[in-house]
Amino acid sequence: MVNYLLMYIILLCTLLDDDPASQILQHYSDRISQVSLIDSCIQLLYTEGLITEDTQRKIERCGGSLSDTLRELMIAVSDDHSKLRSLGNILMELEETKPLAQDIIKDCDEIINKPLITAVVKPVTSTVSHDQSTVSAGELFFNAAHKPVFNEIRGSFGILRDELVPLITQSIPSVAKMKSFLQLSFPEMSRDLSNADSIDDIMNVVVKNCRVNDISIIKTIVKRFKVTEAKPLISEYEDEVKTVCGSLKDFLSQNQPKHFLICETIQFTLGWEPDEHSLDDIRNLLEEAFKELNKRIIVRSIH
């Protein structure tokens, strides 16, 4: 244990000597160690290369705490300074960590002098050799006028749920039968379903495990129990999602089509401050709209 701590101290001192990114991370290490992230943010740490898959599982077991991951974050940031900005963007996802995220991003931009984006649309390049460069990220800005587009589809999702419950209740009189089927088909829902005593309770659990762009569990229920009256409602909702996603694709193609074909990450900055659930829905819709591009999608608020 003593040798491990000594090695860590030596490593830390080495990184801090000449590395401004590591210095910034160390400066905020106390605040970072107090952070607890939700699962989606922990997943982002892994996909952005800040932690390993083993560390991801460890953080999840510890309730999202980052207190034991500072060393790994330090190494990742020292190897690739852009990962410090990635960490800041991830912390922007949560209201309680937004002040910390803003401080990290501000220092990152001012000290390292490599801002991710300063205009509404602008590519970020990373030089790899002499005259060659690869575009690593780009950003699009959605002003507040786009907010109703996302709110309407979220409202349609709620309407779909309200319309389906009475139809499913009529078609599946046995709560136990429906629970048993879902627990076998989707065991990850078993814990929440154990407390469901009615079709309405079950549907609350189901909706919680759906997304605005993924109602596959609902479709499975309709298919299994032959709720034929629900099929037109589902088709109508899915058509609406496709329409919204098509509009989002058009928005991107009108702004910067060539750049976004070669970039690795697309960041969408919102001109309003949505709550956590709204932000998740917006991210899911954007991921659905641009899934064919196979790009990393980041969504944050300008506030």
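Residues -21 to -1, 1 to 282 (mature numbering (1 follows the signal peptide of the UniProt record, and there is no 0)) make up the sequence shown, in order.
A virtual CB, placed ideally from N, CA and C, is assigned to each residue, including glycine.
*Sort out for me which residues DSSP pairs Asp18 with in a bridge.*
On the sequence shown, position 39 is the one that residue 18 refers to. Residue pairing for Asp18: DSSP places it in no beta bridge.
*Taking the CB atoms as reference points, tell me whether Ile69 and Leu119 lie closer together than 9 Å.*
Indexing the sequence shown from 1 puts residue 69 at position 90. Indexing the sequence shown from 1 puts residue 119 at position 140. No.
*Does DSSP put Glu266 in a helix, a strand or coil?*
As a working note, residue 266 is residue 287 in the sequence shown. Note: Glu266 maps to helix in three-state DSSP.
*Measure the Cβ-Cβ separation of Val184 and Leu172 and say whether it is below 9 Å.*
Against the sequence shown, residue 184 aligns to sequence position 205. Against the sequence shown, residue 172 aligns to sequence position 193. Their beta carbons are under 9 Å apart, which means Val184 touches Leu172 by this criterion.
*Please state whether DSSP places Ser173 in a helix, a strand or coil.*
Residue 173 sits at position 194 when you count from the first residue of the sequence shown. Coil, per DSSP.
*How would you label Gly67, buried or exposed, when you count the other beta carbons within 10 angstroms and need 16 or more for buried?*
To locate residue 67, count along the sequence shown from 1; it is residue 88. It counts as buried.
*asked:* DSSP has Phe160 in a bridge; who is on the other side?
replied: Translated into positions along the sequence shown, residue 160 becomes position 181. None; Phe160 has no bridge partner.
*asked:* For Cys41, count the other beta carbons within 10 Å of its own beta carbon; 16 or more makes it buried, fewer makes it exposed. Which is it?
replied: In the sequence shown, counting from the first residue as 1, residue 41 sits at position 62. By the Cβ neighbour-count rule, Cys41 is exposed, with fewer than 16 other Cβ atoms within 10 Å of its own.
_Taking the beta carbon of residue 309 as the centre, do at least 16 other beta carbons fall within 10 Å, making it buried, or is it exposed?_
Because the chain spans -21 through 282 in this model, residue 309 falls outside it and cannot be assessed.
*Would you decide whether residue 306 is buried or exposed? Buried here means 16 or more other CB atoms lie within 10 Å of its CB.*
The question about residue 306 has no answer here: the residues shown for the chain are numbered -21 through 282.
*State the DSSP-derived secondary structure class of Leu258, mapped to helix, strand or coil.*
Within the sequence shown, residue 258 is the residue found at index 279, counting from 1. Helix, per DSSP.
*Report the rounded CA-to-CA distance for Asn273 versus Ser19, giving the unit in angstroms.*
Counted from its first residue, the sequence shown places residue 273 at position 294. Counted from its first residue, the sequence shown places residue 19 at position 40. The alpha-carbon atoms of Asn273 and Ser19 are separated by roughly 18 Å.
*Measure the CB-CB distance between Trp251 and Ala123 and report whether it falls below 9 Å.*
As a working note, residue 251 is residue 272 in the sequence shown. As a working note, residue 123 is residue 144 in the sequence shown. Taking C-beta atoms as the reference points, Trp251 and Ala123 count as a pair closer than 9 Å.
*Given a threshold of 16 other Cβ atoms within 10 Å of its Cβ, counted over all protein chains shown, does Arg64 qualify as buried or as exposed?*
Residue numbering aside, residue 64 sits at position 85 when the sequence shown is read from its first letter. Classification of Arg64: buried, given that the 10 Å Cβ count is 16 or more.
*Can you give the Cα-Cα distance for Pro78 and Asp218, rounded to whole angstroms?*
Position 99 of the sequence shown, counting from 1, holds the residue named residue 78. Position 239 of the sequence shown, counting from 1, holds the residue named residue 218. Computed Cα separation, rounded: 39 Å.
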